[in-house]
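These notes are about the structure you will find just below.
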Amino acid sequence: MRIKFSKSTLPSGLKVLTEQLEGFPTVSLGFWINVGSRDEAPHEAGLTHFIEHMLFKGTLRRSALEIAKELDRLGGYSNAFTTKEQTCFHAKVLPEDLSQILDLFTDILFCSRFDEEDLAREKQVVLQEIKMVEDSPEELVHELFGAFLWGDDPLGRSILGDWETVSRFTREDVLSYFGRHYGSPNLYLIATGKVEHEEFCELVESYVKKLRRCFPPDRHPPRARRGVKVHFRELEQVHFVLGVPTPGARDEARYAALYLNTLLGGNMSSRLFQEVREKRGLAYSIYSYLSLYEDTGVLGVYAAVEKDNLRETLAIISREIRALSEGKIQQEEQEAAFEHLKSALLLSSDSLETRMTRLARNEILFGRYVPFEETLERLVSLSSREIASFTRNIFGERPALVLLGPVREEDLLFFDELFGD
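The sequence shown begins at 38 in the numbering used here and counts up by one.
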């Protein structure tokens, strides 16, 4: 497949990146704003996500219904999302519809009304979204874990915010936050698929004449907490997350982190899935995950078990972490982990949306295009010793453990025995 990458900064200050791909009949494009929930002050918790909602509620030229109908008429897929560090408005369309989707997206990004009545109504929608998380033990324990691990740092707060902050948002809050963050140099436009760079830039310039100047995010690595936090709730199972901070997405150690996550609990042949679920039947759901931010990250393990199986499950997790830190990794096991990572990476290259997201994140993090081959070369060059050393480094102190369910602190007196310094 022939790939042509191009990058320009338009006179308006908008950074435009394209990846022209032979054989794709459609285009995936996204407006990325380098602002997320970790950029909020305490009283602004949830405001980035709230603005994402509000941008679909009407502009000077379009009502919310007209926006929805226009997106539906385009026939492709369109959506928006907010993360800890970025916000994205994206769509997949036919090349002949690029002008229409650009007209729509630039309208909502630069001409939204932020009407008082819409704002009051959308608060209720987001509050219901918060309630949905509170009714889902698996989602809630992840939120509680983040709050415990990162403490008062914005990374520890929910992307949705909380009942108190969302209820108090005013139109002035929205306009102030929007004005500080949604402009140059924080704004990127990414397109992948059947797109020619020069033609695309010319089209974009007809819609984006000038961007407001904003300050780039001012982020600092947070200090992580360790230990145990119990949230008692009458449930059938104990849901828990055990995890530690890791180096961030810009650190070379991210490759070792990918391996460790895969070996520990990242797929069905991983150690925890096999030992906890397949061999002992202690849990239906157990997995590890890796979340990387620009300057820090977290490697965590989630499981839901009966209270009587909690100690045994945690003991298995402790044992497998210790084995990995001691370098007890068979060559066949590491090769299988590499094949899993390689397959996931290459299969994702068939998705325009995934390629668009990868292009955006690499530009924001590294300021350059990162070919798939470069990532694979770094992964294949990693040794089991490097994976073991990385495991020892991040688990050098006891991890953080947050539990939700029918359990008390006195039920966790064995924790230091399993995970003590």
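All residues carry an ideal CB built from backbone N, CA and C; glycine is no exception. In this text, all values refer to a predicted model and were calculated from it rather than measured experimentally.
Under three-state DSSP, which class holds R287?
coil
Going by the CB atoms, is the gap between M38 and E59 shorter than 8 angstroms?
yes
Give the secondary structure of G183 by DSSP, where H, G and I count as helix, E and B as strand, and everything else as coil.
helix
Unbroken beta strand (DSSP E) runs of length 3 or more, entirely within the stretch 292 to 366: which are they?
323 to 329, 334 to 342
May I have the straight-line CA-CA distance separating V267 from E201, to the nearest angstrom?
23 angstroms
Any idea what DSSP makes of C148, helix, strand or coil?
C148 falls in the coil class under three-state DSSP.
If you draw a straight line from the alpha carbon of P191 to that of H86, how long is it in whole angstroms?
In this structure, the straight-line span from the alpha carbon of P191 to that of H86 is close to 14 angstroms.
At a cut of 8 angstroms, does the stretch 315 to 327 reach the stretch 289 to 300 through at least three beta carbon pairs?
yes
So, helix, strand or coil for N223, using DSSP?
coil
Look at the alpha carbon of E390 and the alpha carbon of S136, and state the distance between them as a whole number of angstroms.
19 angstroms
R250 bridges to which residues according to DSSP?
S221
Can at least three beta-carbon pairs, one atom from the stretch 270 to 279 and one from the stretch 231 to 244, be found at a separation below 8 angstroms?
With a cut-off of 8 angstroms, the stretch 231 to 244 and the stretch 270 to 279 do not count as touching, because too few Cβ pairs lie within range.
Compare the Cα-Cα distances from Q371 to each of A381, L416, A341 and report the closest residue.
L416
Contact between the stretch 217 to 227 and the stretch 102 to 118: three or more CB pairs below 8 angstroms?
no
Just to confirm the assignment, what range does the alpha helix (DSSP H) spanning F87 have?
84 to 91
Return the CA-CA distance between P62 and T229, expressed in angstroms with no decimal places.
Annotation: P62 to T229 spans about 11 angstroms, alpha carbon to alpha carbon.
Could you check which residue in I196, L441, S100 has the C-alpha nearest to that of P79?
For the residues I196, L441, S100, the minimum Cα distance to P79 belongs to I196.
So, under 8 angstroms CB-CB, V278 and V439 are touching, yes? Tell me the CB distance rounded to an integer number of Å.
Yes, V278 and V439 are in contact; Cβ-Cβ is about 5 angstroms, under 8 angstroms.
My output table needs one value for R138: the three-state DSSP class, helix, strand or coil.
The sequence shown places Ile at residue 138, rather than the Arg named in the question. I138: helix per DSSP, three-state reduction.
Reducing DSSP to helix, strand and coil, say where Q165 ends up.
helix
Going by the CB atoms, is the gap between V342 and A373 shorter than 8 angstroms?
No, the pair does not count as a contact, with Cβ atoms beyond the cut-off.
Nearest to D387 by alpha carbon, out of V64, L186, L54, L51?
V64
Just to confirm, are I353 and A425 a CB contact at a threshold of 8 angstroms?
no
Taking three-plus beta-carbon pairs below 8 angstroms as touching, is the stretch 440 to 453 in contact with the stretch 168 to 186?
yes
Compute the Euclidean distance between the alpha carbons of S322 and F427, then round it to the nearest angstrom.
26 angstroms
For L460 versus A128, is the C-beta spacing smaller than 8 angstroms?
This structure leaves residue 460 out entirely; the chain is present only between 38 and 458.
What are the boundary residues of the alpha helix (DSSP H) that includes N430?
Judged by DSSP secondary structure, N430 falls within the alpha helix (DSSP H) whose first and last residues are 421 to 431.
Using DSSP bridges, identify the partner residues of N15.
With the chain represented from 38 up to 458, any question about residue 15 goes unanswered, as that position is not in the structure.
What residue does the alpha helix (DSSP H) around I57 start on, and which one ends it?
The sequence given here places Gln at residue 57; Ile does not occur at that position. Run containing Q57: none in the alpha helix (DSSP H); it sits in the beta strand (DSSP E), 52 to 58.
Between the C-alpha atoms of Q57 and E289, what's the straight-line distance to the nearest angstrom?
C-alpha separation (whole angstroms): 28 angstroms.
Candidates N399, N430, F375: which alpha carbon is nearest I227's?
For the residues N399, N430, F375, the minimum Cα distance to I227 belongs to N399.
Determine the extent of the alpha helix (DSSP H) in which L468 is found, giving its start and end residues.
Missing from the structure shown is residue 468; the chain here goes from 38 to 458 and no further.
DSSP puts G457 in a beta bridge; with which residues?
According to DSSP, which records beta bridges pairwise, G457 is partnered with nothing at all.
In terms of alpha-carbon separation, which member of V170, F93, E233, K94 lies closest to I133?
In the sequence as presented, Ile is not what sits at residue 133; that position holds Glu. It is E233 whose Cα lies nearest to the Cα of E133.
Can you round the beta-carbon distance between G285 and D332 to whole angstroms, since I take them to be within the 8 angstroms contact cut?
4 angstroms
Could you give the first and the last residue of the continuous alpha helix (DSSP H) run that contains K379?
368 to 385
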